[in-house]
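Undergrad: Per the numbering used here, the very first residue in the sequence shown carries number 33; after that it's consecutive. Just so you know, even glycine gets a beta-carbon here, dropped at the ideal spot from N, CA and C.
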Amino acid sequence: MPIQTDSETWSNASSEDSIKVEINNLLGGDKAYSIKEIDDHLVDEVPHLFPSSLTGSDAIEGAEAARQSIITNILEEEYWRSGASFKYVSGDGDAEEGLYYTLSGVGFSPVAELDDIKTDVDQKSGILRSRFKNTESKLGDEIAELEERLSNLEYRFHEEIGRY
Numbered sequence: 033m034p035i036q037t038d039s040e041t042w043s044n045a046s047s048e049d050s051i052k053v054e055i056n057n058l059l060g061g062d063k064a065y066s067i068k069e070i071d072d073h074l075v076d077e078v079p080h081l082f083p084s085s086l087t088g089s090d091a092i093e094g095a096e097a098a099r100q101s102i103i104t105n106i107l108e109e110e111y112w113r114s115g116a117s118f119k120y121v122s123g124d125g126d127a128e129e130g131l132y133y134t135l136s137g138v139g140f141s142p143v144a145e146l147d148d149i150k151t152d153v154d155q156k157s158g159i160l161r162s163r164f165k166n167t168e169s170k171l172g173d174e175i176a177e178l179e180e181r182l183s184n185l186e187y188r189f190h191e192e193i194g195r196y
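#1: Can you tell me whether Ile92 is buried or exposed, with buried defined as 16 or more other CB within 10 angstroms of its CB?
#2: Consult DSSP for Ser43 and reduce its assignment to one of helix, strand or coil.
#3: Taking only three categories from DSSP, how would you classify Lys63?
#4: On the criterion of 16 or more Cβ atoms from any shown chain inside 10 Å, does Asp76 qualify as buried, or is it exposed?
#5: On the premise that Val121 lies in contact with Glu110, defined as a C-beta separation below 8 Å, what is that separation, rounded to the nearest angstrom?
#6: Can you have a look at Ala176 and say buried or exposed, based on whether 16 or more other CB atoms are within 10 angstroms of its CB?
#7: Among the candidates Lys68, Gln36, Ala45, whose CA atom is the shortest distance from the CA of Tyr133?
#8: Figure out for me which residue from Leu185, Ile103, Ser169, Leu171 has the closest Cα to the Cα of Tyr31.
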């Protein structure tokens with residue numbers, strides 16, 4: 033039976049990023065992978081995870097860079113949460129030179145845990161992100177007010193010197 037998207041059931045439900053799940057499955061073993069290797073695996077094994085414009089022979093220009101950017105963002109978030117680690121490999125031996133990623137399983141970073149805390153069930157983001165958004169909003173309002181005041185002062189100045 034369908035549920036309403038504005039219901040409490042929907043709001044309290046968890047959601048998973050399919051690409052993130054696939055990356056975690058790949059990195060869950062005893063091997064480390066480069067971004068390119070992760071990208072190649074996802075395109076070859078589960079191409080439906082990406083929009084068709086980012087895979088196949090008709091892919092748009094820059095599709096590989098776009099996919100790798102998505103993968104990098106996911107790995108960066110995992111690293112932030114101490115769930116992933118990386119090392120630079122110099123290229124000696126079997127591996128190509130570059131960064132290689134694996135899941136470290138260390139656990140959550142305390143700051144990441146704080147960011148996940150929500151004071152309200154309906155809140156879309158954690159406490160830290162919400163505070164930054166509120167601060168940005170207040171700054172935007174203050175900037176607009178200051179610009180208006182500056183414009184008024186500029187007008188009054190020109191009026192005083194007789195330009196208007």
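TA: In this structure, then:
#1: Taking the first residue of the sequence shown as position 1, residue 92 is located at position 60. With fewer than 16 Cβ atoms within 10 Å of its Cβ, Ile92 is classed as exposed.
#2: Position 11 of the sequence shown, counted from the first residue, corresponds to residue 43. Residue state, collapsed to three classes: helix.
#3: Position 31 of the sequence shown holds residue 63. Of the three classes helix, strand and coil, the one that applies to Lys63 here is coil, per DSSP.
#4: Counting from 1 along the sequence shown, the entry for residue 76 is found at position 44. Its Cβ having fewer than 16 others within 10 Å, Asp76 is exposed.
#5: Taking the first residue of the sequence shown as position 1, residue 110 is located at position 78. Taking the first residue of the sequence shown as position 1, residue 121 is located at position 89. Rounded, the Cβ-Cβ distance is 19 Å, inconsistent with contact.
#6: Within the sequence shown, residue 176 is the residue found at index 144, counting from 1. Taking a 10 Å sphere around the C-beta of Ala176, we find fewer than 16 other C-beta atoms and assign the residue as exposed.
#7: Position 101 of the sequence shown, counted from the first residue, corresponds to residue 133. Among Lys68, Gln36, Ala45, the Cα nearest to that of Tyr133 belongs to Lys68.
#8: No answer is possible for residue 31: the residues shown for the chain start at 33 and end at 196.
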